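**Student:** Which chain is which? The protein sequence lines are A and B, in order. Residues 1 to 112 (the numbering used here) make up the first sequence, in order. Residues 1001 to 1118 (the numbering used here) make up the second sequence, in order.
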Amino acid sequence: AQSVTQLDSQVPVFEEAPVELRCNYSSSVSVYLFWYVQYPNQGLQLLLKYLSGSTLVESINGFEAEFNKSQTSFHLRKPSVHISDTAEYFCAVSEEGGKLIFGQGTELSVKP
Amino acid sequence: GAVVSQHPSRVICKSGTSVKIECRSLDFQATTMFWYRQFPKQSLMLMATSNEGSKATYEQGVEKDKFLINHASLTLSTLTVTSAHPEDSSFYICSVNRGLGRQNTEAFFGQGTRLTVV
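#1: Mind checking which residues open and close the beta strand (DSSP E) that includes residue 1023 of chain B?
#2: So the candidates are A:56, A:81, A:87; which of them puts its Cα closest to the Cα of residue 75 of chain A?
#3: Since residue 99 of chain A and residue 1046 of chain B are thought to touch, with beta carbons under 8 Å apart, how far apart are those beta carbons, to the nearest angstrom?
#4: Residue 1073 of chain B and residue 1094 of chain B look like a contact to me (Cβ under 8 Å); what is the Cβ gap, rounded to whole Å?
#5: Measuring alpha carbon to alpha carbon, tell me which of A:79, A:63, A:23, A:77 ends up nearest residue 92 of chain A.
#6: Are the C-beta of residue 113 of chain A and some C-beta of chain B separated by less than 7 Å?
#7: If we ignore side chains and look at the alpha-carbon of each, how far apart do residue 8 of chain A and residue 1 of chain A end up?
#8: Three or more beta-carbon pairs under 8 Å between the region 65-84 of chain A and the region 30-45 of chain A, yes or no?
#9: Is residue 1015 of chain B near residue 1081 of chain B, with beta carbons less than 7 Å apart?
#10: Taking the alpha carbon of residue 42 of chain A as the point to measure from, which residue in A:31, A:65, A:109, A:88 has its own alpha carbon closest?
#11: Which of helix, strand or coil does DSSP assign to residue 83 of chain A?
#12: In chain B, which residues lie less than 7 Å from residue 24 of chain A when you measure between Cβ atoms?
#13: Beta-carbon within less than 8 Å of residue 81 of chain A's beta-carbon, same chain only, minus the 5 sequence neighbours each way: which residues are those?
#14: Using the Cα positions of residue 1059 of chain B and residue 112 of chain A, report the straight-line distance between them to the nearest angstrom.
#15: Can you tell which of B:1088, B:1062, B:1110 has its C-alpha closest to the C-alpha of residue 1012 of chain B?
#16: Do we get a CB-CB distance below 7 Å when we pair residue 53 of chain A with the residues of chain B?
#17: Are the Cβ atoms of residue 1096 of chain B and residue 1048 of chain B separated by less than 7 Å?
#18: Could you spell out where the beta strand (DSSP E) holding residue 4 of chain A opens and where it closes?
#19: Looking only at its own chain, which residues have a Cβ that is under 8 Å from the Cβ of residue 86 of chain A, when we skip the five neighbours before and after it?
#20: Buried or exposed, going by whether 16 or more other CB atoms sit within 10 Å of the CB of residue 1110 of chain B?
#21: For residue 76 of chain A, return the contacting residues in chain B, with the cut-off set at a CB-CB distance below 9 Å.
#22: Could you give the C-beta distance for residue 59 of chain A and residue 47 of chain A, rounded to a whole number, given that I count them as a contact under 8 Å?
#23: Tell me which residues share the same chain as residue 1085 of chain B and place their Cβ nearer than 7 Å to its Cβ, disregarding the 5 neighbours each side in the sequence.
#24: Can you tell me where the beta strand (DSSP E) with residue 51 of chain A in it begins and where it stops?
#25: For a contact meaning CB atoms closer than 7 Å, what does residue 102 of chain A contact in chain B?
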């Protein structure tokens, strides 16, 4: 079975600082990887995804993630965070049938 | 606009009663929907896969008689928490996949339902 590990449960950071949220997966087959963001008491919104092709994927709001097969990682980065980026971030891998296996989540807290 | 609508967003019920949560796909027909449960400060755990016109597929450890799933149409799946107890209090989220094939699918999530059993 596939699994996803998010190494940091909480990441506090000051506004305009860079941030990296780490994600590692375990799979022996080709993977499709996702990052979702969740604001309090809301559902999940897709941030970005890796299906194939370029290993660096970007979102419209400045986040990017790089698929690294040798390190089985899909870390999320942003060079300069805003207060509005404060949220819970989930890394996920898809399985056959469309199921998503989620990591434990990382709470990003951006402080002024 | 929203692709998936989940209702209600919050519900408080007495112990022993049943609660129904609806998940509607607004923009496309969905033969499959997924139900997740999320405990505070924890990740989402898949509970079951809802299949239109057939029985739901439950994950290991999820009581099918406790969490009844009905997928009566291509746009609606319901989750009923029967004889609810305080330990059933949680955040329940549904999702719908759009597209065919594993590579072309994208999951859309409902807004979630905060269930509190008192």
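For glycine and all other residues, C-beta sits at the position ideal for the given N, C-alpha and C. Values in this document were obtained by computation on a predicted structure and should not be read as measured data.
**Tutor:** A quick look at the data gives this:
#1: Looking at the DSSP string, the run of the beta strand (DSSP E) that includes residue 1023 of chain B is 1019-1025.
#2: Each of A:56, A:81, A:87 was checked against the Cα of residue 75 of chain A, and the nearest Cα belongs to A:56.
#3: Going by Cβ atoms, the distance from residue 99 of chain A to residue 1046 of chain B rounds to 6 Å, so yes, they are a contact pair.
#4: Residue 1073 of chain B to residue 1094 of chain B, Cβ: 14 Å. No contact.
#5: Nearest of A:79, A:63, A:23, A:77 to residue 92 of chain A, Cα basis: A:23.
#6: Shown here, chain A extends from 1 to 112; a query on residue 113 of chain A therefore has no answer.
#7: Taking the straight line joining both Cα atoms gives about 22 Å.
#8: Three or more beta-carbon pairs separated by less than 8 Å link the region 65-84 of chain A to the region 30-45 of chain A, which places the two stretches in contact.
#9: Cβ distance not < 7 Å, so residue 1015 of chain B and residue 1081 of chain B don't count as in contact.
#10: Minimum Cα distance to residue 42 of chain A is reached at A:88.
#11: Residue 83 of chain A: helix per DSSP, three-state reduction.
#12: Within 7 Å Cβ-Cβ: nothing; residue 24 of chain A doesn't reach chain B, min ~14 Å.
#13: Cβ contact annotation for residue 81 of chain A (same chain, cutoff 8 Å, sequence separation greater than five): 13, 15, 16, 17, 18, 19, 108, 110, in chain order.
#14: Going from the Cα of residue 1059 of chain B to the Cα of residue 112 of chain A covers about 42 Å.
#15: Selected option, being the one with the closest Cα: B:1088.
#16: So, not an interface residue.
#17: Not closer than 7 Å, so no.
#18: Here the beta strand (DSSP E) through residue 4 of chain A covers 3-5.
#19: 108, 109, 110, listed in sequence order.
#20: Looking at its Cβ environment, which holds 16 or more other Cβ atoms inside 10 Å, residue 1110 of chain B is buried.
#21: None at all; the shortest Cβ gap to chain B is about 15 Å.
#22: The Cβ separation is near 5 Å, so the contact holds.
#23: Taken in chain order, the residues that qualify are 1015, 1117.
#24: Annotation for residue 51 of chain A: no beta strand (DSSP E) segment contains it, and DSSP assigns it neither H nor E.
#25: Under the 7 Å cutoff, chain B gives 1043, 1044.
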